[in-house]
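Numbering (this note's numbering), first residue to last: 99 to 712. Encoded as structure tokens, the structure appears first; notes follow it.
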Amino acid sequence: MRTGSVIQTFVFLVFCGVLYVSPSLAAPRVEAVLDQKSFALGEFARLSIVVSGGQNDLQLEEPEIENVRLHPRGRTNQISSINGRVSSSLTYNYLVEALAPGRYTIPPFTLHLGAKTLQTAEIDFQVTSQPLQEAEDQSGGGQTKDIAFISASISGEHYPGEVVPVTLKAYFKQNYRIELNSLPRLLADGVIMPELDSRPLQRRENVAGIPYNVLVWQTSLSGIKAGRHTVQFVLDATLLVAGQRNRRTLSPFENGLFDDSLLDHFFAEVERRPIRALSVEHDFTVVPLPEAGRPESFRGAIGDFSLEVVGAPRQVEVGEPITLTMTITGNGNFNNVEAPVFPDSPAWKTYPTTASFVAGSDPSAGTKTFEQAIVARQTGGIEIPPLVLSYFNPDLGKYLTLRSEPIPLQVAESRKKALTTAKGQESGGSGEQPAVEEVAPIRPEPVGQVDDQSQRQFNLAPLHQRAGSFHADLRPFWQKQWFFVCIAACLLAVLFLSFLLYRRNRAAQGADLREKKYKEIERYLQLIEEAQRARNERLFLDRMRTAIQQYMGLLSEREPAAICLSDLKEILGEDSLLIPLFARADAAAYACASLTNDEMERYQQILKTELEKI
99 MRTGSVIQTF VFLVFCGVLY VSPSLAAPRV EAVLDQKSFA LGEFARLSIV
149 VSGGQNDLQL EEPEIENVRL HPRGRTNQIS SINGRVSSSL TYNYLVEALA
199 PGRYTIPPFT LHLGAKTLQT AEIDFQVTSQ PLQEAEDQSG GGQTKDIAFI
249 SASISGEHYP GEVVPVTLKA YFKQNYRIEL NSLPRLLADG VIMPELDSRP
299 LQRRENVAGI PYNVLVWQTS LSGIKAGRHT VQFVLDATLL VAGQRNRRTL
349 SPFENGLFDD SLLDHFFAEV ERRPIRALSV EHDFTVVPLP EAGRPESFRG
399 AIGDFSLEVV GAPRQVEVGE PITLTMTITG NGNFNNVEAP VFPDSPAWKT
449 YPTTASFVAG SDPSAGTKTF EQAIVARQTG GIEIPPLVLS YFNPDLGKYL
499 TLRSEPIPLQ VAESRKKALT TAKGQESGGS GEQPAVEEVA PIRPEPVGQV
549 DDQSQRQFNL APLHQRAGSF HADLRPFWQK QWFFVCIAAC LLAVLFLSFL
599 LYRRNRAAQG ADLREKKYKE IERYLQLIEE AQRARNERLF LDRMRTAIQQ
649 YMGLLSEREP AAICLSDLKE ILGEDSLLIP LFARADAAAY ACASLTNDEM
699 ERYQQILKTE LEKI
């Protein structure tokens with residue numbers, strides 16, 4: 099049984115030896131492989147030098163290429179067995195980087211296998227200057243239309259001044275990073291558009307199966323002159339192109355963890371390229387308003403409106419103002435909607451109108467309110483006459499006129515005028531002149547004799563009978579000399595107190611440092627004394643050396659363990675008694691030391707005395 103196991107083990111070892119020796123017996127060959135023959139500037143191509151066959155005593159010689167760098171990325175070894183045939187290969191990995199665009203040739207690599215020399219074939223490749231061809235120019239050419247474009251809903255014929263609702267959409271592909279430089283602008287002659295909202299509606303839409311980010315504006319267009327006009331919308335933006343942290347990663351592994359495009363957005367340099375999104379050209383036809391049926395009260399209002407007129411108060415006196423409120427609601431060009439004209443009449447006096455506008459949810463919807471003050475000149479039961487608003491309805495294609503209902507009022511005679519008339523009638527009926535009451539002249543009281551009780555009653559300050567002090571000028575106090583002197587004195591006091599506080603802190607720090615040094619001396623002397631009682635010469639000298647280093651480190655603000663004999667001579671001088679002690683202890687650290695008890699006591703006393711002197 100044991101003999102069978104030995105035989106099996108022997109066969110297994112022979113098989114392993116064959117696997118190990120067989121590759122070296124195969125005929126060696128070398129090959130150079132470049133994974134791509136064309137790449138952009140700033141990218142990398144992967145170059146592999148594959149050595150098949152013998153792998154003992156290999157030496158690869160790299161060529162030099164002008165404006166091209168070869169970045170070694172290690173080597174990999176592979177052994178495979180197919181149908182009992184064993185093969186091996188050794189691969190040298192490189193990343194090829196070009197410093198300028200152009201055509202290049204990789205010269206042969208030379209492989210030395212002992213006395214044999216092998217070479218690879220030359221490889222030609224091209225480096226371009228533009229890594230991304232998706233946004234080629236700023237004018238919307240190339241493939242910019244696939245990245246961003248604008249659509250608008252415009253149709254039909256319109257009238258001058260008519261407000262035409264338009265839905266404006268700007269589409270941007272989701273897989274691009276884009277920054278807006280402007281809102282959409284109108285390119286047209288004879289057509290105007292109001293200013294767009296800087297916060298449009300945002301949503302996502304699929305166009306031909308491609309997802310887009312969409313910005314939506316609800317706006318309107320108005321033609322200002324008749325004719326056929328070409329309308330186009332334009333929007334300026336910036337395309338953010340990642341520098342691709344080198345599109346060919348520096349990792350020797352394909353599709354590794356750090357080949358993720360998500361990391362490219364964070365760590366790559368971003369290139370900014372201006373692009374322009376355009377809409378297709380639309381025909382915007384403006385036809386003139388019809389002359390037939392145009393009322394005299396028409397003043398350019400186009401749309402669909404309603405009119406409401408309110409007058410308040412309903413009961414007034416002659417000469418009191420009445421507020422007339424005219425509210426016009428609907429859809430249309432409110433810029434051309436004017437207040438209905440109050441009819442001319444000797445019974446009324448009118449004043450100019452004031453207007454206010456509240457926009458609705460739709461761009462062309464809203465409410466415009468006019469207020470006008472009117473005054474009745476006659477008494478009795480009168481009416482505010484009907485007011486007229488004429489406009490053109492583009493949906494019906496004709497003019498319409500709105501007429502308000504008359505508003506009844508009750509106007510009474512002015513009370514002041516009635517009182518004056520009544521007094522005149524009383525005096526005229528008796529034939530006598532009305533008595534005029536004599537008014538006693540008012541004698542002003544002398545200054546300074548105002549009753550104190552009256553002053554307290556009206557909360558008045560007492561009157562001064564004499565003039566106070568006079569001043570040559572009225573400069574504020576912060577512009578006077580004494581104020582600057584006070585400020586300077588305060589600054590000097592602060593500086594002086596700061597200096598005293600600094601000196602006190604330094605003195606306290608010095609006292610703390612001295613106290614710390616004395617404690618260190620006591621601790622190390624105790625350790626040295628313990629080593630002496632234990633008659634351990636080596637430990638005694640080591641602790642004595644450490645004590646000197648620690649104390650000199652505190653004194654010179656150096657690292658204690660780094661202080662050597664030359665540093666000690668520089669700090670204390672050549673004649674210090676600590677020099678021979680440190681030299682003896684320093685030598686004992688590398689050789690055997692022998693000290694008597696008397697020598698250790700003498701060294702300990704010298705150390706204590708010299709440290710206290712310092």
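We treat Cβ as the ideally placed atom computed from N, Cα and C, and that holds for glycine.
Closer than 8 Å is the cut-off here; do at least three beta carbon pairs connect the region 320-331 with the region 284-292?
Short answer: they touch.
Closest by CA to Pro-126, which one among Tyr-202, Gly-151, Phe-142, Leu-132?
The sequence position of residue 126 within the sequence shown is 28, counting from 1. Measuring from the Cα of Pro-126, the nearest candidate turns out to be Gly-151.
Less than 8 Å between the C-beta atoms of Ala-335 and Phe-247, yes or no?
Translated into the one-based positions of the sequence shown, residue 335 becomes position 237. Translated into the one-based positions of the sequence shown, residue 247 becomes position 149. At a Cβ-Cβ threshold of 8 Å, Ala-335 and Phe-247 do not count as neighbours.
Proximity of Leu-705 and Ala-645 at Cβ, strictly below 8 Å:
Here residue 705 refers to the residue found at position 607 when the sequence shown is read from its first residue. Here residue 645 refers to the residue found at position 547 when the sequence shown is read from its first residue. Between Leu-705 and Ala-645, the C-beta spacing is below 8 Å.
In terms of residue numbering, what span does the beta strand (DSSP E) encompassing Gly-458 cover?
To locate residue 458, count along the sequence shown from 1; it is residue 360. Unbroken run through Gly-458: none, as it is neither H nor E.
Find out if the Cβ-Cβ distance for the pair Pro-282, Phe-331 is shorter than 8 Å.
One-based indexing of the sequence shown puts residue 282 at position 184. One-based indexing of the sequence shown puts residue 331 at position 233. Yes. Within cutoff.
Kindly indicate which three-state DSSP category Val-119 falls into: helix, strand or coil?
As a working mapping, residue 119 is identified with position 21 in the sequence shown. The predicted position of Val-119 is uncertain, since its pLDDT is 46 and thus under 50; a value taken from the coordinates is nonetheless stated next. In this structure, Val-119 counts as helix in the three-state DSSP scheme.
Outcome for Trp-315 when other beta-carbon atoms lying within 10 angstroms are tallied against a minimum of 16
Here residue 315 is taken as the residue at index 217 of the sequence shown, counted from 1. By the 16-neighbour rule on beta-carbons within 10 angstroms, Trp-315 is buried.
Spatial neighbours of Thr-226 within its chain, please: CB distance less than 8 Å, with the 5 preceding and 5 following residues excluded, ordered by chain position.
Within the sequence shown, the letter at position 128 stands for residue 226. By the criterion of a C-beta distance shorter than 8 Å, Thr-226 is surrounded in its chain by Ser-136, Phe-137, Ala-138, Leu-139, Pro-199, once the five residues flanking it on both sides are discounted.
In the DSSP assignment, find the unbroken alpha helix (DSSP H) run with Lys-706 in it and report its ends.
Residue mapping note: residue 706 aligns to position 608 of the sequence shown, counting from 1. Annotation for Lys-706: the continuous alpha helix (DSSP H) segment containing it runs 695-711.
Evaluate Lys-69 with the Cβ neighbour count: other Cβ atoms within 10 Å of its Cβ, from every protein chain shown; 16 or more gives buried, anything less gives exposed.
For the chain, the structure presents residues 99 to 712; residue 69 sits outside this window and is missing.
Alpha carbon of Pro-438 to alpha carbon of Leu-487, nearest angstrom
As a position in the sequence shown, residue 438 is number 340, starting the count at 1. As a position in the sequence shown, residue 487 is number 389, starting the count at 1. Taking the straight line from one Cα to the other gives about 6 Å.
Leaving out the 5 sequence neighbours to the left and right, which residues in its chain are closer than 6 Å to Ala-457 when beta-carbon positions are compared?
Residue numbering aside, residue 457 sits at position 359 when the sequence shown is read from its first letter. Result list for Ala-457: Gly-464, in chain order.
Validate contact between the region 478-493 and the region 439-455 using beta carbons, cut 8 Å, 3 pairs:
yes
Quick one: is Gln-703 buried, meaning 16 or more other Cβ sit within 10 Å of its Cβ, or exposed?
Taking the sequence shown and counting its residues from 1, the one referred to as residue 703 is at position 605. So Gln-703 counts as exposed.
Residues near Tyr-310 in its chain [Cβ-Cβ closer than 8 Å; skip 5 each side]:
Within the sequence shown, residue 310 is the residue found at index 212, counting from 1. If we look at Tyr-310 and ignore the five residues flanking it on each side, its Cβ neighbours are Tyr-269, Phe-270, Lys-271, Gln-272, Arg-302, Glu-303, Asn-304.
Which residue marks the beginning of the alpha helix (DSSP H) containing Pro-678, and which one marks its end?
Numbered from 1 along the sequence shown, position 580 holds the residue referred to as residue 678. Counting along the chain, the alpha helix (DSSP H) containing Pro-678 begins and ends at 676-686.
How many whole angstroms separate the CB atoms of Leu-639 and Ala-681, which I take to be in contact at a CB cut-off of 8 Å?
Taking the first residue of the sequence shown as 1, we reach residue 639 at position 541. Taking the first residue of the sequence shown as 1, we reach residue 681 at position 583. Incorrect: roughly 11 Å between the Cβ atoms, too far for contact.
Does Val-470 pass the burial test, meaning 16 or more other C-beta atoms within 10 Å, or should it be called exposed?
Taking the first residue of the sequence shown as position 1, residue 470 is located at position 372. Strictly speaking, residue 470 in this sequence is Gln, with Val absent from that position. Buried is the call here.
Return yes when the Cβ of Tyr-701 is within less than 8 Å of the Cβ of Leu-670, no when it is not.
Residue mapping note: residue 670 aligns to position 572 of the sequence shown, counting from 1. Residue mapping note: residue 701 aligns to position 603 of the sequence shown, counting from 1. Not in contact: Leu-670 and Tyr-701 (Cβ atoms no closer than 8 Å).
Taking 8 Å as the threshold, find out whether the region 445-452 comes into contact with the region 494-506 through three or more Cβ pairs.
no
Are Ser-280 and Leu-333 touching if we call contact CB-CB under 8 Å?
Along the sequence shown, one-based indexing puts residue 280 at 182. Along the sequence shown, one-based indexing puts residue 333 at 235. Contact: yes.
Taking DSSP's pairing of strands, which residues face Arg-326 in a bridge?
Counted from its first residue, the sequence shown places residue 326 at position 228. Arg-326 pairs with Thr-383.
Distance cutoff 8 Å, beta carbons only. Does Lys-214 sit that close to anything in chain B?
The structure shown contains no chain B; it holds only a single protein chain.
Is it a yes or a no for the region 425-433 touching the region 378-391, going by three-plus beta-carbon pairs under 8 Å?
The region 425-433 makes no contact with the region 378-391, as fewer than three CB pairs between them are under 8 Å.
What whole-angstrom Cβ distance do Thr-203 and Asp-222 have, given they're in contact under 8 Å?
Here residue 203 refers to the residue found at position 105 when the sequence shown is read from its first residue. Here residue 222 refers to the residue found at position 124 when the sequence shown is read from its first residue. So it is a contact: roughly 5 Å between Cβ atoms.
Less than 8 Å between the beta carbons of Arg-641 and Ala-629, yes or no?
Position 543 of the sequence shown holds residue 641. Position 531 of the sequence shown holds residue 629. Closer than 8 Å, so yes.
Considering Cα atoms alone, identify which of Leu-494, Arg-501, Gln-607 is closest to Met-424.
Here the question's residue 424 lines up with position 326 in the sequence shown. Looking at the Cα atoms, Arg-501 is the closest of the given residues.
Round the Cβ separation of Val-166 and Val-131 to the nearest angstrom and send it over; I've been treating them as touching at under 8 Å.
Within the sequence shown, the letter at position 68 stands for residue 166. Within the sequence shown, the letter at position 33 stands for residue 131. Between Val-131 and Val-166 the Cβ distance is about 17 Å, and since that is not below 8 Å, they are no contact.
Can you say whether Ala-196 is buried or exposed, counting buried as having 16 or more other CB atoms within 10 angstroms of its CB?
For the purposes of this step, residue 196 is taken as the residue at position 98 of the sequence shown. Counting Cβ neighbours within 10 Å, Ala-196 comes out buried, since at least 16 surround it.
Rounded to a whole number of angstroms, what is the C-alpha to C-alpha distance between Gly-417 and Trp-446?
To locate residue 417, count along the sequence shown from 1; it is residue 319. To locate residue 446, count along the sequence shown from 1; it is residue 348. Each residue's alpha carbon lies about 10 Å from the other.
Taking a contact to mean a Cβ-Cβ separation below 8 Å, would you say Ser-146 touches Thr-189 in this structure?
As a first step, residue 146 is located in the sequence shown; it is residue number 48 there, counting from the start. As a first step, residue 189 is located in the sequence shown; it is residue number 91 there, counting from the start. Going by C-beta atoms, Ser-146 is nearer than 8 Å to Thr-189.
Which of helix, strand or coil DSSP assigns to Glu-543:
Locating residue 543 in the sequence shown gives position 445, where the first residue counts as 1. Confidence in Glu-543 is poor, its pLDDT being 47 and thus under 50, which makes the residue's placement too unreliable to answer from.
Go through its chain and collect everything with a Cβ distance to Asn-491's Cβ below 6 Å, but skip five positions before and after it.
On the sequence shown, residue 491 is found 393 positions in, with the first residue counted as 1. The beta carbon of Asn-491 sits closer than 6 Å to those of Asp-402, Leu-498, all from its chain and outside the five residues before and after it, given in chain order.
Could you compute how far the alpha carbon of Ala-609 sits from the alpha carbon of Gln-579?
In the sequence shown, residue 609 corresponds to position 511, counting from 1. In the sequence shown, residue 579 corresponds to position 481, counting from 1. C-alpha separation (whole angstroms): 45 Å.
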